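Novice: If you want our numbering, it's the position in the sequence shown, counting the first as 1, plus 4.
Note that beta-carbon positions come from the ideal geometry of N, C-alpha and C, so glycine has one too.
Bear in mind the structure is a predicted one, so any value in this text is a computation, not a measurement.
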Amino acid sequence: MEKTEKIWMDGKFVDWDDAKVHVLAHALNYGTGVFEGIRVYETSKGLAVFRLKDHVKRLMGGCKVMCFKLDYTYEEIFDAIKETVRVNRKVDYVKPCVFLCGEAVGLNPIGVPVKFTITSVHLGSYLGKDAQEKGASLITSSWFRPWNLAAPAGAKVNGVYVTSCLAKMEAKHRGADEAVMLNAQGNVAECSGENIFILKRGKLYTSQPSESILEGITRNSIIDIARDLGYDVIETNISRIDLYTADEVFMTGTAAEVTQVTKIDERPIGDGKPGKVGKQLAEKFAEVVRGKDPKYEKWLDRI
Ligand code: PPE
Numbered sequence: 005m006e007k008t009e010k011i012w013m014d015g016k017f018v019d020w021d022d023a024k025v026h027v028l029a030h031a032l033n034y035g036t037g038v039f040e041g042i043r044v045y046e047t048s049k050g051l052a053v054f055r056l057k058d059h060v061k062r063l064m065g066g067c068k069v070m071c072f073k074l075d076y077t078y079e080e081i082f083d084a085i086k087e088t089v090r091v092n093r094k095v096d097y098v099k100p101c102v103f104l105c106g107e108a109v110g111l112n113p114i115g116v117p118v119k120f121t122i123t124s125v126h127l128g129s130y131l132g133k134d135a136q137e138k139g140a141s142l143i144t145s146s147w148f149r150p151w152n153l154a155a156p157a158g159a160k161v162n163g164v165y166v167t168s169c170l171a172k173m174e175a176k177h178r179g180a181d182e183a184v185m186l187n188a189q190g191n192v193a194e195c196s197g198e199n200i201f202i203l204k205r206g207k208l209y210t211s212q213p214s215e216s217i218l219e220g221i222t223r224n225s226i227i228d229i230a231r232d233l234g235y236d237v238i239e240t241n242i243s244r245i246d247l248y249t250a251d252e253v254f255m256t257g258t259a260a261e262v263t264q265v266t267k268i269d270e271r272p273i274g275d276g277k278p279g280k281v282g283k284q285l286a287e288k289f290a291e292v293v294r295g296k297d298p299k300y301e302k303w304l305d306r307i
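Here is the structure:
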């Protein structure tokens, strides 16, 4: 990973190389952290953070789930993220992380000190230019998405991402770009770091929040954008067969943005080429995040 200049750590900016924690940090051993991923875009009026308010709210919600005591208000977090972008300038992705940094052996997280860091990086294309332009290939992972009773699937909790890492590795080992995970019911949940949509008979479908998904901010943006363009969008449960037989499939995520899927488990999706509706939505999304459509200006926070 290419270094950037400064990392915000508990209210102060430190150099990249000085942003360190102890090897016995509780979060390192037990995954007790909550994080976010936020995109920054160049617009004609300078840099803008996409849906920062929603990301801060989700981060704070995750801290509530984990019973982390945050010493910062919503406004302070909001400003600190903007300040981190301002200080580092050439970044396109921000990763705030609240985690238990105290040195501890033993699971009990109560009373273990919390650290709050904000890192910003240059991420570029998350799944690679090829997948973004020509469509991604997926496998169905043998790892299931941790369901709502087994893990806080709806919050971005660090430890929960072990399953995503295993699924992603499985995809790479099998020569695919990404993995889709099923849930306890055998329905389609989501990908390792993206939500999933299908197009069937002209309507869009995406897994509903009770299907053990992370309710993605990009997902919610695409639902709004698609409805504004006149599409029916239905949040429901989706089967593996629905995926294979869909006319189009695409993934959404802050990092992956809107990425079309052209192959799943060696089966071509539709005619095996990126679909028209996915393309339309990807293009519209690219416009919206760059401040080219005043209707969605409310989603941008200028730096
Ligand atoms: N599901 C999961 C499991 C997930 O991690 C993400 C974000 C999404 C759905 C989409 O959510 P949203 O970004 O709010 O639209 N995954 C992050 C990448 C994880 C990583 O650190 O790598 C992201 O896109 O930032």
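1) Based on the DSSP output, what are the partners of serine 124 in its beta bridges?
2) Per DSSP, lysine 104 forms a beta bridge with which residues?
3) Take isoleucine 192 as the anchor and find which of Asp22, Val164, Glu215 has the nearest alpha-carbon.
4) Looking at the structure shown, is arginine 231 part of a helix, part of a strand, or coil, going by DSSP?
5) Once DSSP output is grouped into helix, strand and coil, what is the label at lysine 207?
6) In three-state DSSP terms, what is tyrosine 248?
7) Hey, is glutamate 194 close to the ligand PPE, as in C-beta under 7 Å from one of its heavy atoms?
8) With respect to the beta strand (DSSP E) encompassing valine 38, which residues constitute its N-terminal and C-terminal limits?
9) With a threshold of 16 other CB atoms inside 10 Å of the CB of aspartate 19, please say whether the residue is buried or exposed.
10) Under the three-state reduction of DSSP, which class applies to phenylalanine 148: helix, strand or coil?
11) Beta-carbon separation of leucine 104 and alanine 31 under 8 Å?
12) Could you check the C-alpha separation between proline 278 and glutamate 46 for me, to the nearest Å?
13) Which residue's Cα is closest to the Cα of lysine 10: Val89, Phe82, Lys73?
Specialist: Looking at the atomic coordinates:
1) Looking at the DSSP assignment, serine 124 forms a beta bridge with Val98.
2) First, the amino acid is wrong: residue 104 is leucine here, not lysine. DSSP lists Val118 as partners of leucine 104.
3) Before going on, a small fix: residue 192 reads as valine here, not isoleucine. Cα-wise, what sits closest to valine 192 is Glu215.
4) Of the three classes helix, strand and coil, the one that applies to arginine 231 here is helix, per DSSP.
5) The answer is strand: DSSP assigns lysine 207 an E or B state.
6) Note: tyrosine 248 maps to helix in three-state DSSP.
7) In terms of side-chain proximity, the C-beta atom of glutamate 194 is found nearer than 7 Å to a non-hydrogen atom of the ligand PPE.
8) Judged by DSSP secondary structure, valine 38 falls within the beta strand (DSSP E) whose first and last residues are 37-39.
9) Classification of aspartate 19: exposed, given that the 10 Å Cβ count is below 16.
10) Of the three classes helix, strand and coil, the one that applies to phenylalanine 148 here is coil, per DSSP.
11) A contact, by the Cβ cut-off of 8 Å.
12) If I take the Cα positions, the gap works out to 26 Å.
13) Of the candidates Val89, Phe82, Lys73, the one whose C-alpha sits nearest the C-alpha of lysine 10 is Val89.
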